[in-house]
Structures are given as C-alpha cells and as structure tokens.
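J.: Questions regarding the structure given below will be posed in turn.
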Amino acid sequence: MSTDQNFETGLQGSSNKVAEFDNHDASFLKRFQHALHVTPSLVPLIVLLISLIIFGVLLGSKFFSPFALTLILQQVAIVGIVGAAQSVVILTAGIDLSVGAIMVLSSVVMGQFTFRYGLPPELAVACGLACGAICGFINGWLIAVMKLPPFIVTLGMWQIILATNFLYSANETIRSQDIANQAPLLQLFGEKIKVGGAVFTYGVIFLVLLVLMLAYVLRHTAWGRHVYAVGDDPEAAELSGVNVKRILISVYMLAGVICAFAGWALIGRIGSVSPTSGQLANIESITAVVIGGISLFGGRGSIMGMFFGALIVGVFTLGLRLLGADAQWTFLLIGALIIGAVAVDQWIRKVSV
Amino acid sequence: MSTDQNFETGLQGSSNKVAEFDNHDASFLKRFQHALHVTPSLVPLIVLLISLIIFGVLLGSKFFSPFALTLILQQVAIVGIVGAAQSVVILTAGIDLSVGAIMVLSSVVMGQFTFRYGLPPELAVACGLACGAICGFINGWLIAVMKLPPFIVTLGMWQIILATNFLYSANETIRSQDIANQAPLLQLFGEKIKVGGAVFTYGVIFLVLLVLMLAYVLRHTAWGRHVYAVGDDPEAAELSGVNVKRILISVYMLAGVICAFAGWALIGRIGSVSPTSGQLANIESITAVVIGGISLFGGRGSIMGMFFGALIVGVFTLGLRLLGADAQWTFLLIGALIIGAVAVDQWIRKVSV
Amino acid sequence: MEPILKGRGLVKRYGRVTALDHCDFDLYPGEILAVIGDNGAGKSSLIKAVSGAVIPDEGDVYLDGKKVNFHSPIDARNEGIETVYQTLAMSPALSIADNMFMGRELRKPGFRGKFLRQLDRPKMEKIARDKLSELGLMTIQNINQAVETLSGGQRQGVAVARAAAFGSKVIILDEPTAALGVKESRRVLELIQDVKSRGIPIILISHNMPHVFEVADRIHIHRLGKRLCVIKPDEYTMSDAVAFMTGAKEPPTEKNAA
Amino acid sequence: MEPILKGRGLVKRYGRVTALDHCDFDLYPGEILAVIGDNGAGKSSLIKAVSGAVIPDEGDVYLDGKKVNFHSPIDARNEGIETVYQTLAMSPALSIADNMFMGRELRKPGFRGKFLRQLDRPKMEKIARDKLSELGLMTIQNINQAVETLSGGQRQGVAVARAAAFGSKVIILDEPTAALGVKESRRVLELIQDVKSRGIPIILISHNMPHVFEVADRIHIHRLGKRLCVIKPDEYTMSDAVAFMTGAKEPPTEKNAA
Amino acid sequence: DNHAITACLITKTDTNPFFVKMKEGATAKAEELGMTLKSFAGKVDGDHETQVAAIETCIADGAKGILLTASDTSSIVSSVQQARDAGLVVIALDTPLSPIDAADATFATDNFLAGELIGQWAAAKLGADAANAKIAMLDLAVSQPTVGVLRDQGFLQGFGIDLGDPNKWGDETDARIVGNDVTAGNEEGGRKAMENLLAKDPMINVVYTINEPAAAGAYEALKAIGRENDVLIVSVDGGCPGVANVKDGIIGATSQQYPLLMASKGVEAIKAWAENGTKPALTPGKDFFDTGVALVTDQAVDGVESISVAEGTERCWG
Ligand SMILES: Nc1ncnc2c1ncn2[C@@H]1O[C@H](COP(=O)(O)OP(=O)(O)OP(=O)(O)O)[C@@H](O)[C@H]1O
Ligand SMILES: Nc1ncnc2c1ncn2[C@@H]1O[C@H](COP(=O)(O)OP(=O)(O)OP(=O)(O)O)[C@@H](O)[C@H]1O
Ligand SMILES: [Mg+2]
Ligand SMILES: [Mg+2]
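As they're listed, the protein sequences go chains A, B, C, D and E. For the first sequence, our numbering assigns the number 251 to the initial residue and increments by one for each residue that follows. For the second sequence, our numbering assigns the number 251 to the initial residue and increments by one for each residue that follows. For the third sequence, our numbering assigns the number 177 to the initial residue and increments by one for each residue that follows. For the fourth sequence, our numbering assigns the number 177 to the initial residue and increments by one for each residue that follows. For the fifth sequence, our numbering assigns the number 574 to the initial residue and increments by one for each residue that follows.
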C-alpha cells in the first residue's frame, strides 16, 4: 500500500453495523402515515371513502342503496377500462390521446364485420381486438422507433383513427335489437349478475379483474418494473439494460388491446354500435389517472389509484345529480372537486413524509 | 503542502490554453446544421416553407395569392394568440387546459358588461382583461402555492370557468349588428388594413407583435430566463435563487391576460359575442405549441416555433380544403400531417447534431 | 468568540430514515471548517438545513447570534450564504453564463436595461469566462454551451465558480472536488484559501483527507446524523480522523475539544 | 497478446465540440487499465463509445479481435461488458434491489415464476443486501428505499456493486469512488483487486492518483480527445503522469511505451 | 307534497341556446305545475354515453318520467327500455327515436322538413339561376350527428339535389355543391368554414348553415370580402337573434322550431302519467305529436308557405 494512503490505517476496527436510530414510528398515527407513504393508492381510496360517506349522509338510502352503488360501478366501467390502458401508458411518461378513438373504431369493427361482412361474432370480436392492437402498435412504433413525442403521435392518430371510423362506418349505428337477435356475443359485457339489489355487469367484473391483473403484472414481473424504469428515466433505463423500444411498443400495444376490450364492453353497455361514442374517453380517462395519483411525468403511481380515481369521479357525478344540481352546476362542482380531491391527496402525502 | 500531494508538482508548467480542435464546420451544410441546432425554431419554419411550396405548386395562384395567404394568418390569429399563452405555460413544464374557457369567459364579460350593465366599452374591456388575469392567478396560486399538478388544476378550472360562462351568460349571443352600433370598440381587432390583395386584421398584427414581444422577453430578460429555468428543473432553479412561486404565478397570470386578449380578438373575428366559442382552443393551441418544437416537459423551445406551428396547421387545413379533400378526409390528413411535420422536425434535428 | 453560523439540536427525518439526529454545528468567522463523515452520515442534510434548502423538523439555526428562519435558499442567499449543493443545482438546458447569474442577472445600463429590462449578455459572459479561467477550466470550449453538454467535472467547476464569485458571508461547498481532475482540484483549493483570505468563512464537505487536512482550520466529524466531535488538524492525524468517523476509535471526550 | 477490447480511430463530435478525436484504445486480458485525464478530456465519451452507450461517428471497436457494432448498452452487456457510468444510470423512483437487477431480474422457481412470471423479490433483496455489505455500505437502512432517497455516495456504491456482481468479460468504472467516503473507497479498491483476481479486466477512470497508481497495471493518459500515451505505474511517478496529462511535459515518444 | 313528482329533462347539450330555452320552458312549466325538474345534458353533441348515465340516474332518483332529446337515436333505445321497464314514461322531444315507438311519445319537429323548407325557399328565390347555383354546406361536425344529417339532406332535397345516401352528407355528386365544411354550430366555426369554401370558390351564392350562430359567422366571412349582399344564407332554428338576423337581411330565411312548446307539453304529459297513468295523444295521421316548423322570411316565395319576420319574432325562443 502506497504511503499516500496511510491515513487509511484508521479504518481498522471500524464499525460494521447497519446504522440504527430510535424508532419514532411507534404510534398509530405514524404507522398510518408510513402506510400511506409506501402505498400511494391508499390516498385516493381515502378520498373515495370520504366522498362516499358525505354523499351517503346527504342523500341517505337513495345513494347508499346497492342499486345506486353498483350503478356507479357500471357508469365508470368504460372509463375505468380505458383508464387502465391510459395508466400503463402514462407510467412510461407517455400519454395516449387516441384511446377513445381506438375504442370506438374497435367496436365499429366488431359490429360491421359481423353485420356488413357476415363474419361469425367470435371472429369479428377477434378482428376488433386485432384492430386495437394494430393501432397501438403504430403508436408505439412511432414513439419508440421514430422517437416522436407521444402527445403528438397520439394526437395525430386520434384524428386519423376517428376519421377512419367515420369514413368506414358511414355513420351507421347498428341497432341494439339487431345485435341481440343476431350476435348476442357482442353484448356479452352487458350481461348482468344480480345479488339482491346490487347489479354487476360482466363489464364491471372485467374491469375489476383487469385492474387486479395489471396491478400484479406491474408490481411482480420484470416487464412491470421495466415500465416504471422507462417512465422514470428512459436514458438510465437504457443504460442499465432495459430494452426501452420493446417496452414502449408493448405498452402501447397493450393499451390498444385494452381499448379494444373497452370497445367491446361499450357495445354491452349501450347495446348498440355507434360510431359517435367515446368522444370524452380521453379526457375522462386522463382525469381518472391523475386523480388516482399517477404522475404525468411517468414512473410514479399505481393502477389501483386510477381505479379509485375513476370511482371518485363517478361518485361525485351521481351524487351531485341526485342532489339536484343541474348539468352546468354539476360540471362546475366536479371541476372544483377534482381540484379538491388532488389537494387532499397532496396534503395527505405531505403529512405522511 | 502535505507530502501526500507531492504528485501535484507535475502541474507546474501545465497548459493554460483553451482546448481547440480543427474546425470541421467550414462547409455551408455544416454551418446550416449548426444554425438549426442553436435556433430550434428554424425547424418548424422550414417545415412551414416546404408545405407552402408544396401547396403552392399543387394549387398555383389559388393558394399563392395574397388573399389566401393572409386568410391563413386571419384563421390562425386566435389560435396563435392562445398558443402564445400556452407556450409560456408549457415552457415552465406546465400545461393550461383552461385557455379556451378563459378566452370565452373574458369575451362574454366584455360583451355583457357593456350590454347588460351599460358600462362604457373601454371599462368593459378592462373588466374582461381583469377577468382573465384573475382566472390565471387562481391557476397559478393553486399550482405554485398549493403545489397541485398543472394538468389537474387547469382541467378543473376549465370545467369551472366554462360552467360559469354558461351560467353567467345564460347562453345568450350578442349580435354583431348590435355591437357594431353600440360598442364598436369590442370589434377593434376585426378592423382591416388592405395592402393590395393582402388583408391584415388588427388581430393578426396583434398576434405578430405579441409573439415578437414574448420572444424578446423570454430571451433577453431575467424573468424570461427564470421561466426556462423553472421549466428545466424547478428544484435546481429554487436552489440557485429563482423565486419559483413568483415566476409560476406570474406566468399563469400572463397567460390569463393573453387569453383575455384572445377573447377580445375573438369578438373582432366573429363579430358577435358567443358563449359557445373556443371549444377547440385547448387542443389547437397545444398542437401548435408541440408542432412548433416546444417540449411538453418544459424548458426547451421558443415562442417563434409555436407561431410557425400554428401557421403549419393553418396552411395544411386551407391547402387540403382547396385541394378538394372533404371535411372528414381533411381531418384524417391533418392528423397524418401533424405526425409528419414532427417527424421531419426530429429528423432535421438529428441530422444537425 | 461568537459563531457566525450556528445550529442547535437539528433534526431531519425522511420517512423511516433519520438523516439528522439532534445535531449541533458551529462555524466561526474567518475559518475553514471541514465536515467529514461516512457516506449517508447526514453531512449534506446538515448543510441543507443551515442553508434553507430543507426546513429542519426540530432545532434552530443562528446567524451572527440571531435566530433565523430560512424558508428557502433565496432567504439564505440574501443573507450572503452561498452554497454549492452536491447535486449542483443547475438548469441543464441553459447556458453556463445563464446558470452562473441565475437570480442575480445583470441588466444593460441606461434605457434598455431600465425600461426594456434587457440583460447585459456580453458582460455576463465575460465575467463567467473570467471566473472559469481562474479555476483553470480551460477545456470549456464555448461559454454559451448548455450545461447539460458539459462533462461531470466541468459542471462542478461552474458551480464552484458561481459560489466563489457571489458569496459574501458564508460559502458552503458540498464535495466541490469530487468530480474534478488534479489540476482543477488544486485550483479549487487555492480558491478556497483565497476566499478565506478575503475574510469569508467556508464550510467544506469532502471525502479527500489530504485536502481536508491541508486547508481546514477545524474539522467537524459527523457520524450517524450527529456531530461526533470537532478536532484540529494539527492535533490529530488523518488516520485518527478516519478512525473517529468510521467508529473504529472513541472520539476525544470533551466534545468541543477544538 | 491480443487486446480483449480495442478501439481504433474513434471520433465523436457533439455539435462544435469534439469529444473524441481519432482516439485509440487497448485493454488486455486480466489487466486493470486506468484512464486519466483532465476534466472534459473525453474519458467518459471514450468508454461510452466502447460500451455501446454512444455510437461513434467514425472508428471501430473490436472485442476479442472481432469487430463489433454495439447499437445499445444492452448489446455490450450481452457480451459481458458491464459499465458504471458517471451519471450512474439508475431509476430514481425504484428501489435499490430493483435497480440492481434491472434487465436481469430473477423469477420465482416453479409455476409462479414460469407462468405467472413472478419475481423472486426476497432472493433479489438478499443478494442486493449482500453485495452492498461487501462494499461496506452499512448506512443504507432499508434495501427497499427508493434510489432517489440515497445520499450521493450511497448511490454510487449501489452502481458499483451492480457492475461487480454481473460483469463477466470486462468491467468499466467511470470515477467509481468520486462521491465515496474513505472506508467505502477502500472497499471499492479491494473489490477491483478481487474482480481482477477472478481474471476479469477492468477499465478504471479516476482523478485520484494514489488510487490509480495503487491498482493500475497500465495507465492510459487521455488528452484533448485522444490517447496521449500509455505508461506503467512503476516506470513513472505520479507527478510525471500529472505532467503528461496536463500538458506540462512531453509524453514518452514511443506512444505504446508500456 | 306537490313537488313529489320528479321529471327529468335530458338534452343533447346545454350550451346550444335551443336546449337552453327548452330547459327554461320545462322549468317554468314544472314550477307552474308544482313538480321538480332535474335537467341533464351531454357534454358535446353526439355524446350519448352521458345521456345513458343520465337515464340511469333518473331511475335511481325515482323520477316519474323523462323528456329526452337523444344524441344517438338508436343507441339510446336500450336505456330507454330500461327506464320504461322501471315504470317511467319516456317522451322524445325534438328528435324521434329509431324506432319511433321506442319512446312512449314523441313531441318533435321534423328536422328534415325544416331543411326541406329552406331548400325549397332558396331554390324558388333563385328561380332559373338555381340550375347553376354554387352552394356552400356548413354542417355541424365530422361525426355527422343525426340532426345535422337530417337538416342538410332536407335542404338538398328541397333544393332539388340528388341525395345519394340520405343517412350521410358529403356523398352527393352534384356539381353545384362547392363543398361541405364543419362549424361546430358556432360563429367561429361558421366563419372559418365559410372562408375555406370561399377560398375554394369565391363565387358561392347559396349558403346552407346548420344553425343561426353558424350563419352569423358565415356572414362575417362574406362581409370580409364584400360579398355579403349577393349571397343567400339560409338556416334552421328560429331563435330570437336568428330571427333578428333575418330581419336585418343577414339570413335570407330560417326554419323556426318551438322548443318551449315541446318542453311544456312534455312536462304536462309526465304529470298526467304520474297522476293517472295516461299517455299523451299523437297528432292525427302521424306517429308523433308535431309541434310544427315554420319558415320565417320577409321575402316570401310562391309555393313555400312562410310566416313574416314580425310573426317569427313573436314566436321566437331566446
Ligand atoms: N430526500 C430524501 N428522502 C429520503 N431519505 C433521504 C433523503 N435525502 C437523504 N436521505 C437519507 O438521509 C441520510 C443522510 O443523507 P445525506 O445526503 O445527508 O448523507 P451525506 O452525509 O451527505 O452522504 P454522502 O457523503 O454520500 O453525500 C441517508 O441515509 C439518505 O438515505
Ligand atoms: N451530450 C453532449 N453534448 C455536447 N457535448 C458533450 C456531450 N457530452 C460530452 N460533451 C463534451 O465533450 C467533451 C468531453 O466530455 P467527457 O464527458 O467525455 O469528458 P471527461 O473526460 O469524462 O471529463 P470528466 O473528467 O469531467 O468526467 C466535453 O468538452 C463535453 O463538454
Ligand atoms: Mg452528501
Ligand atoms: Mg467523465
């Protein structure tokens, strides 16, 4: 060892213990704060519960009935499914403005392939799902390989897909009665299971399963971890061995497929195939995602948060309507409550650090 | 000096020259590339010129007339003004979804204060501008002080302001003839200057002056540099002495005031005061900003780029219509061309590094 | 003598992690105080707490004997405390000159500066270039380069130059030579001596023992979030200091030995 | 002997800045090659060019005598080249364990790993903790902490531990001890010796001359974007090396002296 | 309690003055009859998912009946059925559902007829020149919501142009049509669309507009190039500003509809249903209750029935 290093003799006998401090976290409050900190999706859950309670108190059994509560689930099913797609994309620091358009085009494909070309509904559904996957692939390819900004790519694709939808469908609505008679499979997600007053559609069940599955995949598989890493810092992810392109393309394709499922669920919900649906899916899905605490800058947040976020909006909407607020007042109050919900979220997070 | 440092004696006589390499940048092409690199707004300018030339060749004098070219300017005037507000916000890594709503509410305030309360138009205009400033201040306060995400704040404010607009105006339109008779000041921005076949409205002139002024302020004042610093890395900006809160609030207030001016210009353009205007201002202004090369992640890009971005969309829209594309096809092609324009942009940038 | 900057009972917790654990701190006028300690001992947290970059959970900071409540680094800067943070705190997309003058830009004289509020770029660029030359950062080829295009060491050089140029009361340097080359490190040490000779006290965090023992008047040894002891470099050897800070030896009993 | 990793005529330009100017480079099997040079000399650019992180404008890279075209760091990793970049390349919001195993995650055995593709978190966490303990990074209190909450030195420790754990052919370390404390630096040097004794060659970029002269077999001196000369630490003194790299002295004429 | 009867009004949007007035009329009537009225609306034209949610909300709320202007006339049918199954009476206002008997009753104007009237008027006004007219079609949105298609196709039919597929606009091949563009039904869109079509052919002399705000915008564009006096603008709606514009010669003729009548009739029908379970009667000979449409112009032409501006002003709605 060179003489320059002789001060290092002082190292002999240095401590090898892990640093430890008094554990200040004994109290319930502290433990609660810590729980909030490590599980960020608890925050929107709490906001959700609080708003449920408030509306419950104000409205009584009109709101706190199994019927009304499951109605909220049905009303958020489509937004929730699209929001799941949006969440995965936003976790990579992207954004998908074409979700609504993909959803509608896929549902139109399912409908028209059955009725215009006479394909068996199973095959038409498969074509619809493939259509979603293709749209997603184009998004992903442009973003990952051509390195174009997601916002612009999906903005352009939104217009392209929507226009294609209008041109292809010739604005024809396929009527509910016809579907029920000839291809009930298309309405599968509209089937109901009744438990007492509670009504669960297959669409709602699909949403819950989808969210649980994505939560598992994002948390417990390598692919999921890579999604977070790409959203966090794509350069660092690339340098540390993540195939960023492959992840991005797979994310946008997955989003496309989920949107196609949303399109299928949409047929179940409204009964018919209508090319003018889904115009608000973008903004509503993004709202759900952000209220759910997923950062638009990527890499932070959980899909459960999105689910609670969508429910919060659903609860506010139904609650305010039942309270008798008219449409513009409802918009106004929902605007205020969106800001309020996020403010509460921020506040709880701050307390919990 | 301790003996450990004796290797530093090697430093004596070390070179003090600035590193220099052969200058490879002699050729025109290289110098051009360098120019592109240091002036990013050149890229959308080039895309704009290319698209002008292509449509000019395809359409001849129908397109290359002073009338058609200045018509494009008139058509982008509102989007351009709102885009200027949006640019400043996006430079701070924010986003303002409420621009369109602020614009409409301000124009309604100007109109209703004149006609409902009989204020002199000058005062009503001042009230409209103040209304814009207040909306902007609320946005800025929530974002800077309450530390809420800009997307959510302005999403909520969008709904709140729009609902207020409809509730306050009771959806009443004030007719162009009434304004022309009683308060022509409100239509000021609709006044025209004709130079040969070219028609310049005051609105267009205002847009150009606004862009030039903002370009100056952003580039040559401390406030402008701070806007970039905040967008780049707000934490670093704070640590290095920027009053991040003050900058953010001032940025959103400025955006609000500019939107109010846009509302005034809107009255000039459509003649009347209509609470249903401006529904597309958000998406169109963001499109202009992003095509203009301003990063949605803040801190990069220039306001001139936004101006060219708005013009690119204007040129495409009018050019395609003149080529005979119908409304749906135009919609589709504009989607494709948005992606195309940004792809060209990326490509030029890559070549130029 | 009254310390110019003093901390008492500072506590800072991050979730379950305790970065500062009732830590005391003293800086006397005109001295160079080195702060040494293991990685994660809480050195950066300490200087952030005294420079306004984080607000401590408990404890007080005194400047010139008066209690101060810094709410942001700007407050500290206005009192003349200039800090080079370990993360450097620069805006990557802006130029070197822009970064050096961030928050204290120079305006053109006369009408253009007063009413158009135009910046005096040539002057700022000239000063920036001079300050960097003083530090011997000759490999910077273009003063208008964006900071993100600089090498790690160049970036650090810019941050140090900024602090040295503007600090008037206290200068805090958090590992200023970590990424610097031999020549550039030497310049920074010379600069530190230089600043000291102007009567401004300096806090220097460093892992480089030879540097620390060369320039420091007193050495604050930090361990597990608190001040373990303060020693004078001429009374102890480097190997003692290393032994204290790593817990291999017991520190001298009189805590404020030096 | 054939170099295991070789660069010839590498050029990399960033706009007007020339970071690599027809640079050559050789790493022989089993050796520790130090790369030294001023800040901004182009050391980081050089190792990025040979590890796939940037694609050089001109010039070729050879691995085991065969020309390779790395398009991304993953290509280089697949060939067994593991790199610690100066910027560390970590995902701030993810945990230490997640970062260490990024791109090479371990899956649970059996059904859950094969079909559900479930990660084996306990195992990854255990390995991560072991690797960090080997480096003496004892102050890390929680292996599931997000990397962004670590101190600068702790972060660097994690990056070094990752490279040492997974490199099989070449390990490249860009200033691995810049932010490390005395104890931790010593551990890294020991680790380097350790890796070498496993027969894996190492490229070490460092500004710390004592460290360089202690561990290096050969020293590549980089100046103004090219290799100035290569020396053996036992043939020249530290002060010679510093003089060469700063341009104070002419380098030995036979370029490949060592 | 008198307010025990709750009725719902669900409109396409609540930003279009037409629906705003409809709501005002319904609210006033409900007040008069001592009922509670809750109103809902889609966010944009064509937004039928929000309407579905609104129907569900009304069911949950225990309303007795729903007044509905459907954004998508066939998509909404299954939700309407759900409401009827739950014991609510559903009355389609303004726009019939498809099939029309999906609702308990329909109080509507015929949008196709409204278009047809202005088409006939324009053709008659031009006389022989109608054969070489240059027509600009200012429509609602690229998504082609039904109301826009009906008015557009009605106009073309009235003008004597072959429709192609009557369920969509833009597929006509007649050379007299310079082009279709979309306006979003407001002034801004009207002006821009008009400018685009004028750039295509500056000699346009007939302008069909989806509604009166779009017509006002189109007029501004024409004024900007000094052609406001030699172009015929026709429109649909009959709101008070629109009728005033007819008076000022900005719009040549407009088809007036009667939202207040629809709304008040509808509210009365719900009250009747709630109190004694009677369903409203239909206009004899039609499968809906026709609230009527009238052409408002001061330049009456032969063969097209019209009312004067003075009369139109008396009956206008907002
Ligand atoms: N923002 C933060 N969130 C959570 N924990 C943090 C944060 N900042 C620091 N810590 C923790 O606080 C402890 C002290 O960190 P600090 O940066 O002060 O150490 P340091 O002495 O400066 O170390 P180094 O020499 O490596 O820079 C570390 O354990 C670190 O993990
Ligand atoms: N992405 C980039 N864009 C532009 N210039 C760059 C970029 N990366 C490096 N440079 C420039 O290239 C030159 C070499 O940088 P490099 O990082 O290779 O130096 P280095 O020898 O590693 O320095 P240090 O010891 O400070 O880390 C510097 O002048 C730097 O400014
Ligand atoms: Mg530190
Ligand atoms: Mg380097």
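For every residue, glycine included, the Cβ atom is placed at its ideal position computed from N, Cα and C.
What residues in its chain sit with their C-beta under 8 angstroms from that of C/D416, if we drop five residues either side in the sequence?
T.: Cβ neighbours of C/D416 beyond the five flanking positions: I407, K425.
J.: Does the distance from the CB of A/K312 to the CB of A/A394 come in under 9 angstroms?
T.: Contact flag unset, no.
J.: Starting from the beta carbon of C/M385, find every residue of chain A whose beta carbon is closer than 7 angstroms, and list them in chain order.
T.: Simply F257.
J.: Would you check whether ligand 1 has a heavy atom nearer than 8 angstroms to the C-beta of D/E435?
T.: As shown, chain D starts at 177 and ends at 434. That puts residue 435 of chain D outside it, with no answer to give.
J.: Any idea which residues DSSP pairs E/F680 with across the strands?
T.: In DSSP, E/F680 forms a bridge with E/L666, E/F862.
J.: Which same chain residues end up closer than 7 angstroms to B/L583 when comparing Cβ atoms and leaving out the 5 residues on each side of it in sequence?
T.: So the qualifying residues of the chain are L570, A575.
J.: Should E/T630 be counted as a contact of ligand 2 given a C-beta to heavy atom distance under 8 angstroms?
T.: No, the beta carbon of E/T630 sits no closer than 8 angstroms to any heavy atom of ligand 2.
J.: Any beta carbon from chain E within less than 9 angstroms of A/I520's own beta carbon?
T.: Yes, its Cβ sits closer than 9 angstroms to a Cβ of chain E.
J.: Three-state secondary structure (DSSP) at E/M710?
T.: Three-state result, E/M710: strand.
J.: Would you say E/I649 lies against chain A (beta-carbon separation less than 9 angstroms)?
T.: Yes - at least one Cβ of chain A is within 9 angstroms of the one on E/I649.
J.: Starting from the Cα of C/T353, find the closest Cα among C/V336, C/V187, C/E234 and give me that residue.
T.: With distances taken between Cα atoms, C/T353 lies closest to C/V336.
J.: Would you be able to state if there are at least three C-beta pairs under 8 angstroms between the stretch 797-811 of chain E and the stretch 874-883 of chain E?
T.: Because the criterion of three Cβ pairs below 8 angstroms is not met, the stretch 874-883 of chain E and the stretch 797-811 of chain E do not touch.
J.: For the stretch 555-565 of chain B and the stretch 320-337 of chain B, state whether three or more C-beta atom pairs, one from each stretch, are separated by less than 8 angstroms.
T.: Segments in contact, yes.
J.: For D/D233 and D/N245, what's the separation of their Cα atoms in angstroms?
T.: Answer to the nearest angstrom: the Cα atoms are 12 angstroms apart.
J.: Have a look at E/K707 and E/L699 and give me their C-alpha separation to the nearest angstrom.
T.: The straight-line gap from Cα to Cα measures roughly 11 angstroms.
J.: Which residues are close to ligand 1, meaning CB closer than 5 angstroms to any heavy atom, in chain order?
T.: The set, ordered by position in the chain, is C/Y190, C/V193, C/A195, C/N215, C/G216, C/A217, C/G218, C/K219, C/S220, C/S221, D/T325, D/L326, D/S327, D/G328, D/G329.
J.: Taking D/L295 and A/T471 to be in contact with their CB atoms under 8 angstroms, please state how far apart those CB atoms are, rounded to whole angstroms.
T.: Right, their Cβ atoms sit about 6 angstroms apart.
J.: Taking the alpha-carbon positions, what's the E/G660 to A/W579 distance?
T.: Approximately 28 angstroms, taken between the alpha carbons.
J.: Under the three-state reduction of DSSP, which class applies to B/L302: helix, strand or coil?
T.: If DSSP states are grouped into helix, strand and coil, B/L302 belongs with the helices.
J.: Compare the C-beta of C/Y412 with all C-beta atoms of chain D and state if any pair is closer than 9 angstroms.
T.: No, its Cβ sits nowhere closer than 9 angstroms to a Cβ of chain D.
J.: In terms of alpha-carbon separation, which member of B/A531, B/A486, B/V477, B/P371 lies closest to B/Y502?
T.: Selected option, being the one with the closest Cα: B/V477.
J.: Could you check what DSSP says for C/A434 in three-state terms: helix, strand or coil?
T.: The predicted position of C/A434 is uncertain, since its pLDDT is 43 and thus under 50; no value can be drawn from it.
J.: Please report whether the beta-carbon of A/F581 lies at a distance below 9 angstroms from any beta-carbon of chain E.
T.: By this cut-off, A/F581 is an interface position.
J.: For chain C, find out if any of its Cβ atoms is closer than 9 angstroms to the Cβ of D/A273; answer yes or no.
T.: Judged by the 9 angstroms Cβ criterion, D/A273 is not in contact with chain C.
J.: Since D/Y204 meets chain A, which of its residues come closer than 7 angstroms, beta carbon to beta carbon?
T.: Those do not exist, as D/Y204 stays about 23 angstroms from chain A at its closest Cβ, beyond 7 angstroms.
J.: For a test of the three-state rule: what should DSSP assign to A/N389, helix, strand or coil?
T.: A/N389 falls in the helix class under three-state DSSP.
J.: When DSSP labels each residue in this structure, what does C/L181 get in the three-state scheme?
T.: C/L181: strand per DSSP, three-state reduction.
J.: Pull up the distance between the alpha-carbon of A/V349 and that of A/F387, whole angstroms please.
T.: In a straight line, the C-alpha of A/V349 is about 13 angstroms away from that of A/F387.
J.: When every heavy atom of ligand 2 is checked, does at least one fall within less than 8 angstroms of the C-beta of D/H387?
T.: Every heavy atom of ligand 2 is 8 angstroms or more from the Cβ of D/H387, so no.
J.: At what residue ranges does the stretch 346-373 of chain B contain a whole run of the alpha helix (DSSP H), taking only runs of 4 or more?
T.: With a minimum length of 4 residues, the continuous alpha helix (DSSP H) runs that stay inside the stretch 346-373 of chain B are 349-365.
J.: Does any residue of chain E bring its CB to less than 9 angstroms from the CB of A/K238?
T.: Past the edges of chain A, shown from 251 to 603, lies residue 238 of chain A, and the structure says nothing about it.
J.: Measure the C-alpha to C-alpha separation of C/I250 and C/A217 and round it to an integer number of angstroms.
T.: Rounded to the nearest angstrom, the two C-alpha atoms are 26 angstroms apart.
J.: With hydrogens ignored, establish whether the beta-carbon of D/H396 is closer than 8 angstroms to any heavy atom of ligand 2.
T.: Answer for D/H396: no, Cβ out of range of ligand 2.
J.: Does ligand 2 have a heavy atom nearer than 8 angstroms to the CB of D/G183?
T.: No; taking the cut-off as 8 angstroms, the Cβ of D/G183 has no heavy atom of ligand 2 nearer than that.
J.: At the level of alpha carbons, what is the spacing between D/F342 and D/E258?
T.: Their Cα atoms are separated by approximately 7 angstroms.
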